[in-house]
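A.B. asks: Before anything else, here's the structure in question.
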Amino acid sequence: MTIEVKVPQLPESIADATVSTWHKKEGDTVSRDENLVDLETDKVMLEVPSPIDGVIKQIVKPAGTTVKAQEVLVIIEPGSGAKTETPKEAKDEKKASAEEKPAEKSATPPPSPQASNKEQDNQPTSGPSARRAAAEHEIDLAQVKGTGKGGRITKENVLSTLGSTPMGNEEMLSSSDRPEKRVPMSRMRARIAERLLEVTQTTAMLTTFNEVNMAEVMAIRSRYKEKFEKKYKVRLGFMSFFVRAVVEALKRSPIVNASIDGNDVVYHGYYDIGVAVSTERGLVVPVLRNADKMSMAEIEAKIGEAAEKARAGKLTLEEMQGGTFTITNGGVFGSLMATPLLNAPQCGILGMHKIEDRPVVEHGQIVIRPMMYVALSYDHRLIDGKESVTFLVSIKEMLEDPTRMVLEI
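Counting in the numbering used here, the sequence shown runs from -4 upward without gaps.
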């Protein structure tokens, strides 16, 4: 009796998904709980495990297909996949063998199952990002040469074949001396584009800037990073300082932690801080729940854990919903100044940027200090200029004198 593996129940607000990458093909054996296929939604990547040990009999929904909850993805034949001979089949096979011609008897025997398995084990492996890229561009990984450790196929190896590999859904648009191609957006990129366009059209977004002298934060980090890591088993980064500073500033300016719902203003009595993480599939924003109750070590650990899950495509929808304020760091990519876009329905987002030595005036003297431009984008329908500037100045003051965050003054 065959088993139908169906699309699992999709997260709330997600109507359908796209079959991204099949990790098995028809005829392959599978083990219970082994991942069969990745399903891509607008926000997260879902894995579909095998419910039993068996053999893939039929893949019903190939890569690129749009599916809904409870649709059949694949049909599995239960068992180990090894064929069991009946006495009659064994007798017939023996008789056929006796009637073989001499030439046929001397033919090279087929490889043993052990040899086949060994050959399969020696084939180069590929990471999740490589498999997703191959699925998006409909590239056969067997035709890709891996340059990673042990011949592992990387995403770069897959993308490097685009110029010489048939593009599937991609359309070549020009001559060989001026190449162009048309590539469909991934579901996640299309959703990001939709949300960002919606923000610009439905909010009165404005941005205010300031600059922060990071000397004190850098000195504390340099002084205590080894002890911090030894005690808490996590690195002391800059983000935990900014999360703490944002929480304290939100306590003083609660309107920045609010959101608009129709004609109502919703004041949030909690501080769920989203931290933007860049992944190969796009920007995602995992949320630190109740950040005001977290220690510096807990903040750093949660950010590190969320970043790993985001880059592996393991974040759930619940881990990205419900934030009240967002922090994004373009400085890790070298950005000196930029205007971050709101993460609706939130009314505020803080943009961090590159730390750069610049001349500043202190006590009438020109000195060199490690400075960072910070940007607060806000919805002007709810937040006035005075409130936005006050909020940003509070962050600046706490980062330039971190003792204030400890004493909450």
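A virtual CB, placed ideally from N, CA and C, is assigned to each residue, including glycine.
1) Got a sec, what are the start and stop residues for the alpha helix (DSSP H) GLU403 sits in?
2) Return the Cβ separation of THR311 and VAL39 in integer angstroms, given the expectation that the two are a contact with Cβ distance under 8 Å.
3) Looking only at C-alpha atoms, which of GLY346, MET347 and ILE363 sits nearest to ARG353?
4) Kindly indicate which residue of LEU345, ASP256 and GLY299 has the alpha-carbon position closest to the one of PHE320.
5) Is it buried or exposed for GLY317, if we count other Cβ within 10 angstroms and need 16 for buried?
6) For the structure I just gave you, are there three or more beta carbon pairs, one from the region 274 to 283 and one from the region 211 to 230, closer than 8 Å?
7) Look at the alpha carbon of PHE233 and the alpha carbon of LEU387, and state the distance between them as a whole number of angstroms.
8) Which residue wins for smallest C-alpha separation from MET183, given the options ASP11, THR385 and GLU382?
9) Please name the residue, chosen from VAL69, ASP287 and GLU357, that lies closest to VAL241 on a Cα-to-Cα basis.
10) Can you list, in chain order, the residues of its chain with a C-beta nearer than 8 Å to that of ILE187? Leave out the 5 residues immediately preceding and following it.
11) Taking only the alpha-carbon atoms, compute the straight-line gap between PRO249 and VAL272 and give it to the nearest angstrom.
12) Could you tell me the alpha carbon to alpha carbon distance between GLU211 and GLY143, rounded to whole angstroms?
13) For GLU206, name the three-state secondary structure that DSSP assigns.
14) Report the rounded CA-to-CA distance for PRO73 versus LYS56, giving the unit in angstroms.
15) Only counting the same chain, and skipping five residues up and downstream in sequence, which positions put a Cβ closer than 6 Å to that of PHE223?
16) Return yes when the Cβ of VAL25 is within less than 9 Å of the Cβ of GLY49, no when it is not.
17) With H, G and I counted as helix, E and B as strand and the rest as coil, what does DSSP make of TYR266?
18) Sort TYR368, SER330, MET291 and ARG376 by Cα distance to PHE397 and report the nearest one.
19) Which residue or residues does DSSP assign as beta-bridge partners of SER45?
20) In whole angstroms, what is the alpha-carbon distance linking MET400 and LEU245?
21) What does the alpha-carbon distance come out to for the pair GLU21 and GLY269?
22) By how many angstroms is the C-alpha of THR334 removed from the C-alpha of GLY325?
23) Check each candidate in LEU394, SER181 and GLY145 and name the one with the smallest Cα separation from PRO365.
24) Could you tell me if ASN258 is buried or exposed, where buried requires 16 or more neighbouring beta carbons within 10 angstroms of its beta carbon?
25) Return the chain-ordered list of same chain residues with a C-beta closer than 6 Å to the C-beta of ALA130, the five sequence neighbours on each side being excluded.
26) Could you work out which residue in PRO46, LEU154, ASP28 and MET332 is closest to ILE350 when comparing CA atoms only?
27) In chain order, what residues of the same chain lie with their CB nearer than 8 Å to the CB of THR385, ignoring the 5 residues before and after it?
28) Determine whether the beta carbon atoms of LEU31 and SER45 lie at a separation below 9 Å.
C.D. replies: Taking the geometry as given:
1) No alpha helix (DSSP H) holds GLU403; DSSP gives it neither H nor E.
2) 6 Å
3) ILE363
4) LEU345
5) exposed
6) no
7) 17 Å
8) ASP11
9) ASP287
10) GLY277 and LEU278
11) 25 Å
12) 41 Å
13) strand
14) 20 Å
15) LEU231
16) yes
17) coil
18) The sequence as given places Pro at residue 397; Phe does not occur at that position. When each option's Cα is compared against that of PRO397, the closest is MET291.
19) None, per the DSSP bridge assignment.
20) 12 Å
21) 42 Å
22) 10 Å
23) LEU394
24) exposed
25) SER15, THR16 and ALA58
26) MET332
27) ARG247 and SER248
28) yes
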